[in-house]
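Here's the structure, in C-alpha coordinates; my notes come after.
In the working numbering, the protein residues as written are 14 to 91.
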(Lines of atoms letter the chains of each structure in order from A and count residues from 1; the text may use other names and numbers.)
(Lines give C-alpha, C1' and ligand atoms only; values in the text may rest on other atoms or scores of the structure.)
Protein backbone atom coordinates (compact mmCIF):
# COMPACT_ATOMS: atom_id res chain seq x y z
CA UNK A 1 0.00 0.00 0.00
CA UNK A 2 2.87 2.38 0.60
CA UNK A 3 3.66 2.46 -3.12
CA UNK A 4 0.01 3.12 -3.90
CA UNK A 5 -0.17 5.92 -1.36
CA UNK A 6 2.62 7.76 -3.17
CA UNK A 7 0.83 7.38 -6.52
CA UNK A 8 -2.72 7.91 -5.24
CA UNK A 9 -2.49 10.22 -2.22
CA UNK A 10 -6.18 11.21 -2.30
CA UNK A 11 -7.45 7.63 -1.88
CA UNK A 12 -8.58 6.59 1.60
CA UNK A 13 -6.84 3.34 2.59
CA UNK A 14 -8.13 0.79 5.10
CA UNK A 15 -6.43 -2.01 7.01
CA UNK A 16 -8.65 -4.83 5.74
CA UNK A 17 -11.84 -5.67 3.87
CA UNK A 18 -13.94 -5.60 7.04
CA UNK A 19 -12.92 -2.02 7.72
CA UNK A 20 -13.85 -1.14 4.14
CA UNK A 21 -17.30 -2.69 4.56
CA UNK A 22 -18.05 -0.90 7.83
CA UNK A 23 -20.89 1.55 7.21
CA UNK A 24 -20.79 1.07 3.43
CA UNK A 25 -23.86 1.40 1.22
CA UNK A 26 -22.35 -1.01 -1.31
CA UNK A 27 -19.20 -2.95 -2.06
CA UNK A 28 -17.72 -3.41 -5.51
CA UNK A 29 -15.39 -6.39 -5.73
CA UNK A 30 -12.92 -6.23 -8.63
CA UNK A 31 -10.35 -8.81 -7.55
CA UNK A 32 -10.14 -12.58 -7.28
CA UNK A 33 -7.73 -12.52 -4.34
CA UNK A 34 -8.34 -15.27 -1.79
CA UNK A 35 -8.54 -12.62 0.94
CA UNK A 36 -11.90 -11.62 -0.56
CA UNK A 37 -13.08 -15.12 -1.45
CA UNK A 38 -12.65 -16.21 2.17
CA UNK A 39 -14.40 -13.33 3.96
CA UNK A 40 -16.85 -13.98 6.75
CA UNK A 41 -19.79 -12.70 4.71
CA UNK A 42 -22.11 -12.60 7.73
CA UNK A 43 -19.67 -10.22 9.40
CA UNK A 44 -19.46 -8.14 6.22
CA UNK A 45 -23.26 -7.88 6.01
CA UNK A 46 -23.65 -6.93 9.67
CA UNK A 47 -21.14 -4.11 9.30
CA UNK A 48 -22.67 -2.57 6.17
CA UNK A 49 -25.31 0.15 6.15
CA UNK A 50 -26.91 -1.47 3.08
CA UNK A 51 -25.87 -5.02 2.13
CA UNK A 52 -25.28 -4.50 -1.59
CA UNK A 53 -22.46 -6.31 -3.41
CA UNK A 54 -21.46 -5.79 -7.03
CA UNK A 55 -19.16 -8.65 -7.97
CA UNK A 56 -17.00 -7.80 -10.95
CA UNK A 57 -15.12 -11.12 -10.84
CA UNK A 58 -18.02 -13.45 -9.94
CA UNK A 59 -16.20 -14.90 -6.95
CA UNK A 60 -19.38 -15.37 -4.93
CA UNK A 61 -22.29 -17.75 -5.48
CA UNK A 62 -25.46 -15.73 -6.20
CA UNK A 63 -27.91 -18.01 -4.31
CA UNK A 64 -25.61 -18.03 -1.26
CA UNK A 65 -25.24 -14.25 -1.30
CA UNK A 66 -28.99 -13.71 -1.63
CA UNK A 67 -29.60 -16.32 1.09
CA UNK A 68 -27.38 -14.28 3.38
CA UNK A 69 -29.53 -11.23 2.69
CA UNK A 70 -27.34 -9.35 0.23
CA UNK A 71 -28.59 -7.54 -2.80
CA UNK A 72 -26.13 -9.17 -5.18
CA UNK A 73 -25.17 -8.54 -8.79
CA UNK A 74 -22.46 -10.48 -10.61
CA UNK A 75 -21.20 -8.60 -13.66
CA UNK A 76 -21.91 -10.55 -16.83
CA UNK A 77 -24.33 -12.93 -15.11
CA UNK A 78 -28.00 -12.95 -15.82
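Even for Gly, the Cβ is constructed at its ideal location relative to N, Cα and C.
Source: prediction; values computed, not measured.
From residue 48 to residue 30, what does the alpha carbon distance come to, in whole angstroms? Here the question's residue 48 lines up with position 35 in the chain shown. Here the question's residue 30 lines up with position 17 in the chain shown. So the alpha carbons of these two residues sit roughly 8 Å apart.
By a C-beta neighbour count over all protein chains shown, 10 Å radius and 16 as the cutoff for buried, is residue 41 buried or exposed? Looking up residue 41 in the chain shown gives position 28. Classification for residue 41: exposed.
Which two residues bound the contiguous alpha helix (DSSP H) that contains residue 79? Here residue 79 refers to the residue found at position 66 of the chain shown. Taken as a continuous stretch (DSSP letters only), the alpha helix (DSSP H) holding residue 79 covers 75-80.
Residue 85 versus residue 36 - alpha carbon distance: On the chain shown, residue 85 is found 72 positions in, with the first residue counted as 1. On the chain shown, residue 36 is found 23 positions in, with the first residue counted as 1. A direct Cα-Cα distance of roughly 17 Å separates residue 85 from residue 36.
For residue 86, report the span of its beta strand (DSSP E) as first-last. As a working mapping, residue 86 is identified with position 73 in the chain shown. That run of the beta strand (DSSP E) goes 84-87.
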